[in-house]
Amino acid sequence: MKRYGVVCFIVLLLIGGFGWEAEASVPSKPLAHRVFPTSRFSIDKILARPYDSTVPFGASGDRVWATSPQGWAFRDGVHLLYITNLDAFDLDIAADGQSYIVQKAAYAPSHVHMVGAVGQLLKAKASFTYIIDNAQNPLTPPFVPEKRWTCWSSGHRVDTYTVDLGGLRKLTSLDLYFYNDVPQGGGCAPPAQMEVLFYRHGQWIPWGHLLTDLKPDKNTLHFDPPQLAERVELVFHHRGTNWYTGLYGFDPHYAPDTKRQASRPVLHIEGDKWITQNDLLVAEIRVTNPSAAAHSVSIVMSSGLKSGPDRFQEERKIDGYPVWLEAVGFDGRREGIRFADKIPAKKTQRFLFVCALATSPAGAHEKLEAELHALHPLAQQVAAYQGWFDNNIAYFACSDPLITKMYYHRWYLLKKNSMNPRMGHLMYRAFSEGRWTSDWYANVISYGAGHQMYEARWLRDPSYCWGHLLTFVSNPRPDGIYPSHVTLQGQQGGQYTDWITSCAWGLNKVHPNKALLERIAPMLERNVEGWQKVYGWGGSPLLVVDSHWWTGMEWQPAFFSFAHYETGGGAGTDPKYMTPLRRVDLTAYNYGNAVAVAKIDRLLGRNAQAERMEQLADSIRKAVIEKMWDSKDHWFVDLRASDDAPSSALEVIGLYPFAFDLPPAGKGYESVWETALNPNLFWTPWPIASTAKSCPAYSQDGWPVGPGGSGCMWNGPTWPHANSLVMRAMANTLRHYAPCALTRQKLYELFYSFTRAQYKNQNPLYPWTGEFYNGETGQWKTDQRDYFHSTWLDPLISDLIGLVPRADEVLEIDPLLPQGAWSWWVLDGQAYRGHDVTIAYDAEGGHIARDFRGFAVYLDGKQILHTAQPVHCLYDMQRHKLLSPP
46 MKRYGVVCFI
56 VLLLIGGFGW
66 EAEASVPSKP
76 LAHRVFPTSR
86 FSIDKILARP
96 YDSTVPFGAS
106 GDRVWATSPQ
116 GWAFRDGVHL
126 LYITNLDAFD
136 LDIAADGQSY
146 IVQKAAYAPS
156 HVHMVGAVGQ
166 LLKAKASFTY
176 IIDNAQNPLT
186 PPFVPEKRWT
196 CWSSGHRVDT
206 YTVDLGGLRK
216 LTSLDLYFYN
226 DVPQGGGCAP
236 PAQMEVLFYR
246 HGQWIPWGHL
256 LTDLKPDKNT
266 LHFDPPQLAE
276 RVELVFHHRG
286 TNWYTGLYGF
296 DPHYAPDTKR
306 QASRPVLHIE
316 GDKWITQNDL
326 LVAEIRVTNP
336 SAAAHSVSIV
346 MSSGLKSGPD
356 RFQEERKIDG
366 YPVWLEAVGF
376 DGRREGIRFA
386 DKIPAKKTQR
396 FLFVCALATS
406 PAGAHEKLEA
416 ELHALHPLAQ
426 QVAAYQGWFD
436 NNIAYFACSD
446 PLITKMYYHR
456 WYLLKKNSMN
466 PRMGHLMYRA
476 FSEGRWTSDW
486 YANVISYGAG
496 HQMYEARWLR
506 DPSYCWGHLL
516 TFVSNPRPDG
526 IYPSHVTLQG
536 QQGGQYTDWI
546 TSCAWGLNKV
556 HPNKALLERI
566 APMLERNVEG
576 WQKVYGWGGS
586 PLLVVDSHWW
596 TGMEWQPAFF
606 SFAHYETGGG
616 AGTDPKYMTP
626 LRRVDLTAYN
636 YGNAVAVAKI
646 DRLLGRNAQA
656 ERMEQLADSI
666 RKAVIEKMWD
676 SKDHWFVDLR
686 ASDDAPSSAL
696 EVIGLYPFAF
706 DLPPAGKGYE
716 SVWETALNPN
726 LFWTPWPIAS
736 TAKSCPAYSQ
746 DGWPVGPGGS
756 GCMWNGPTWP
766 HANSLVMRAM
776 ANTLRHYAPC
786 ALTRQKLYEL
796 FYSFTRAQYK
806 NQNPLYPWTG
816 EFYNGETGQW
826 KTDQRDYFHS
836 TWLDPLISDL
846 IGLVPRADEV
856 LEIDPLLPQG
866 AWSWWVLDGQ
876 AYRGHDVTIA
886 YDAEGGHIAR
896 DFRGFAVYLD
906 GKQILHTAQP
916 VHCLYDMQRH
926 KLLSPP
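If you count by the working numbering, then the sequence shown holds residues 46 to 931, one letter each, in order.
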């Protein structure tokens with residue numbers, strides 16, 4: 046891999062998760078749909094890592110998911126679809142008068158394992174908490190800005206933050222970490238003044254010092270003499286007139302307590318917690334008494350739900366639709382929320398706590414009781430979670446452990462963001478854009494839907510990809526355009542640029558469904574024509590976007606290029622500066638929509654409609670070539686809507702026409718790749734730049750021309766969303782266009798760079814798929830993670846490995862992986878058009894199976910091709926005949 050300037054890390058944890066070399070004995074039979082007996086993996090082993098509040102919680106349900114709940118259960122960060130911060134339940138554990146907290150935890154996608162120790166649990170509350178923040182976040186390390194509490198938008202100029210220390214303690218100092226996003230145009234800064242109060246012996250005592258010199262990040266308060274306190278309250282007088290206070294660290298230090306130090310824990314307490322697919326939040330606690338005498342243990346279940354005599358029950362509403370929650374514990378003998386048991390010598394006692402969600406009280410109770418009385422609930426959860434992957438995805442491994450691990454992370458990412466609400470207007474499977482802390486990204490959003498469907502089409506279960514398409518097709522705006530997002534209440538208006546309709550044909554290539562296409566074809570046609578009618582100003586085939594905000598690509602320089610890149614202020618909406626544009630991206634998207642619908646109509650015999658779509662596609666292509674091609678810079682550019690004057694900004698969207706095969710081949714448009722691959726323009730160390738370096742507005746940090754800019758910047762940084770479309774454009778160019786500056790090596794270079802970026806700080810232990818990153822350093826620029834707004838699996842399977850989707854019964858294998866990139870690789874059991882496809886290559890032999898060497902393709906378990914090196918081949922799946930090579 047030195048040719049790509051990358052050192053491949055060998056991850057021992059990953060090696061233990063799959064492959065026959067990691068097994069003590071080789072299985073004798075393959076799993077269902079697979080060829081090789083050794084094609085097995087453990088998703089929990091591959092993606093295991095230490096767990097803290099920066100690591101996303103993996104297991105999720107049809108409606109319930111979690112950010113990163115800490116403690117023994119789910120006291121924070123639990124979400125119902127896109128409704129955030131449900132206080133589900135927590136557990137307070139004590140034994141022999143000592144409190145037990147989680148000392149360390151280990152993450153696996155299916156569950157989190159916890160080990161307890163004697164300690165005091167800090168708990169916080171605040172006068173106001175912004176919806177995507179959490180008051181508990183600052184209480185546990187690591188103390189990092191993305192894990193914060195803020196009172197932003199409280200409407201008050203004074204707010205409070207109060208921490209319960211878990212008992213009377215003698216404080217010697219306190220470290221406070223203040224959040225500050227003012228340099229990025231945000232609304233939080235250290236307070237202008239702060240008071241400190243201590244609660245002891247039943248009353249609040251002021252410290253007596255008014256602090257006025259607080260700074261961003263770490264501040265240390267020294268208490269001399271030490272202060273006794275059960276609770277500490279911070280009173281913030283916010284800075285200025287519009288800023289608010291935020292904390293990302295609250296770290297108290299105490300005087301030595303000889304009584305506490307002398308006390309040693311007698312019991313060993315550990316546990317596991319998980320979320321089941323059918324929306325159960327479960328915490329299992331196991332208390333072991335290794336001593337020769339019995340010892341007492343107390344476990345108290347608390348919850349933000351309404352409390353009954355022996356359990357918690359409450360109806361909640363999501364956008365007016367009711368759901369029922371019921372929570373209770375079970376010690377093997379009785380159900381309740383408070384347990385005080387004696388643990389006999391040398392024995393272990395198990396306690397199980399469950400919160401169930403359903404659309405009716407009876408449904409919640411039935412699910413809860415089934416889980417409480419399961420014999421081995423954790424084993425059941427692990428098996429069910431692994432079973433989803435075994436049943437839905439192909440086995441994959443290759444000589445590069447970073448690529449192999451990313452394959453399983455990306456499938457985990459898809460599963461984490463999948464939902465199946467079956468409520469209101471969300472009656473099908475669908476995907477959220479991201480599941481970390483944001484209430485917005487947790488929605489079903491149109492902008493990345495094309496990526497999500499193309500990833501999901503490689504699942505064995507087609508209801509994931511088709512369901513997501515149906516969610517939008519069933520919830521259009523009145524004009525036929527798909528809305529910005531869909532909730533239980535239906536379409537929510539607005540719009541992003543999207544190519545959702547074009548995906549219908551792409552899904553049908555992998556999972557044919559003619560009956561479904563017949564049902565939705567009129568709605569697909571209406572979407573294509575809706576775009577043209579509303580945004581084809583003046584009857585032009587070239588579509589207009591009148592604000593950078595609904596492109597999904599905020600702060601694209603072209604919108605300000607006719608005002609010398611001045612923005613008119615932070616909003617960037619002043620019409621004197623922001624110019625409506627005929628956009629390359631939206632026009633290319635609707636070209637792809639029209640072509641796809643024309644093919645669908647031909648398949649269905651809707652020939653008149655097909656001809657109408659074909660004529661529209663032809664007119665779009667002609668107009669793009671005539672007006673948007675810049676022959677000087679070899680790029681497709683935006684036009685001012687009022688007079689079709691070209692913008693001087695070169696943006697990554699200039700490559701998007703190739704993602705839909707819009708430019709005619711062999712006419713010189715392939716020269717676009719000379720511009721794209723130029724390191725002085727787009728090809729940064731972590732490509733590809735969202736705007737060329739030649740643009741005056743280009744920057745990896747902020748907006749360099751006057752005021753402007755926000756959290757999402759498309760004036761230079763690298764976006765996975767764009768990389769996904771660019772990789773698709775690259776594959777199309779390599780397969781369908783004349784030879785040019787683009788090579789397979791450059792496609793792989795972009796793919797591999799994107800792969801490396803999806804490890805936090807390039808640490809292979811921590812897969813981290815975020816929103817966008819610095820093109821010079823590869824560092825993520827927002828705190829989003831588990832963000833599902835790109836493709837990675839689709840270019841791996843359809844392009845690098847080369848399982849090319851087609852609309853007929855010919856199996857086409859055309860690997861675009863450059864020679865020498867991997868010395869061996871295998872994709873075993875990929876579902877495709879009702880068949881199982883396996884593709885494998887091993888240059889030296891012995892990695893995939895002991896007797897396997899060379900390149901081979903299998904269809905439904907039968908080898909149909911074997912050569913020394915990967916080749917382009919065609920196979921007739923109906924006549925069972927190899928068409929090429931001869």
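We put the beta carbon where it would ideally sit given N, CA and C, even for glycine. All values derive from a computational prediction rather than experimental measurement.
Under DSSP, glutamine 272 takes part in a beta bridge, and its partners are Leu216. The residues Ala439, Trp503, Ile842, Leu848, Asp881, Val882, Thr883 and Ile884, in chain order, have a CB closer than 8 Å to that of glutamine 875 in the same chain once the five nearest residues on each side in sequence are set aside. Aspartate 296 and aspartate 355 have their C-alpha atoms spaced approximately 36 Å apart. Around the beta carbon of valine 241, a 10 Å sphere encloses 16 or more other beta carbons of the protein chains shown; the residue is thus reported as buried.
Collapsing the DSSP output to three states places tyrosine 224 in coil. The DSSP-derived three-state label of phenylalanine 605 is helix.
In this structure, threonine 800 sits away from tryptophan 825, with a CB-CB distance that is not shorter than 9 Å. Considering only Gly823, Ala234, Asn462 and Met772, the residue with the shortest C-alpha distance to proline 101 is Asn462. Glutamine 431 sits in a helix when the DSSP states are folded into three classes. For threonine 286, the number of other beta carbons within 10 angstroms of its own is below 16, and it is reported as exposed.
Under DSSP, the beta-bridge partners assigned to glutamate 696 are Thr736. Around the beta-carbon of glycine 495, 16 or more other beta-carbon atoms lie within 10 Å, marking it buried.
Judged by DSSP in its simplified three-state form, glutamine 745 adopts coil rather than helix or strand. When DSSP states are grouped into helix, strand and coil, valine 573 belongs to the helix group. For the pair serine 739 and tryptophan 764, the Cα-to-Cα distance works out to about 19 Å. Look at tryptophan 728 here: in three-state DSSP terms it is coil, with no helix or strand label.
Ranking Arg474, Thr393, Ile490 and Ser343 by CA distance to the CA of serine 835 puts Ile490 first. With respect to the 9 Å criterion, leucine 397 and glutamate 478 are not classified as neighbours on the basis of their beta carbons. Annotation for valine 311: no alpha helix (DSSP H) segment contains it, and DSSP assigns it neither H nor E.
In the DSSP assignment, serine 343 falls outside any alpha helix (DSSP H) and within the unbroken beta strand (DSSP E) covering 340-347. Taking the CA atoms as reference points, alanine 390 sits about 10 Å from leucine 312.
In the DSSP annotation of this structure, the continuous segment of the beta strand (DSSP E) that includes cysteine 400 starts and ends at 392-403.
Judged by DSSP secondary structure, asparagine 334 falls within the beta strand (DSSP E) whose first and last residues are 325-334. The way I'd put it, the region 264-273 doesn't touch the region 193-205; fewer than three beta-carbon pairs between them come closer than 8 Å.
In this structure, DSSP gives serine 352 an extended state, which the three-state scheme calls strand. Closest option to serine 692, judged by alpha-carbon separation, among Asp591, Ser744 and Pro602: Pro602. Annotation for leucine 370: the continuous beta strand (DSSP E) segment containing it runs 366-375.
Our two residues, leucine 910 and arginine 120, have alpha carbons roughly 55 Å apart in a direct line.
Taking 4 residues as the minimum length, the region 148-232 contains no alpha helix (DSSP H) run wholly inside it.
The Cβ atoms of alanine 767 and serine 744 lie no closer than 9 Å to each other. The closest CA to that of tyrosine 430, considering only Gly535, Gly711, Phe705 and Phe86, is found on Phe86. The C-alpha of serine 105 lies about 10 Å from the C-alpha of arginine 480. In this structure, phenylalanine 681 sits away from aspartate 688, with a CB-CB distance that is not shorter than 9 Å. Distance check between asparagine 225 and each of Phe476, Tyr289, Ala162 and Arg651 places Tyr289 closest, using alpha-carbon atoms only. The distance from the Cβ of tyrosine 452 to that of proline 154 is about 14 Å, inconsistent with a contact at the 8 Å cut-off. Sixteen is the threshold: when 16 or more other Cβ atoms of the shown chains lie within 10 Å of the Cβ of leucine 700, as they do, the residue is buried.
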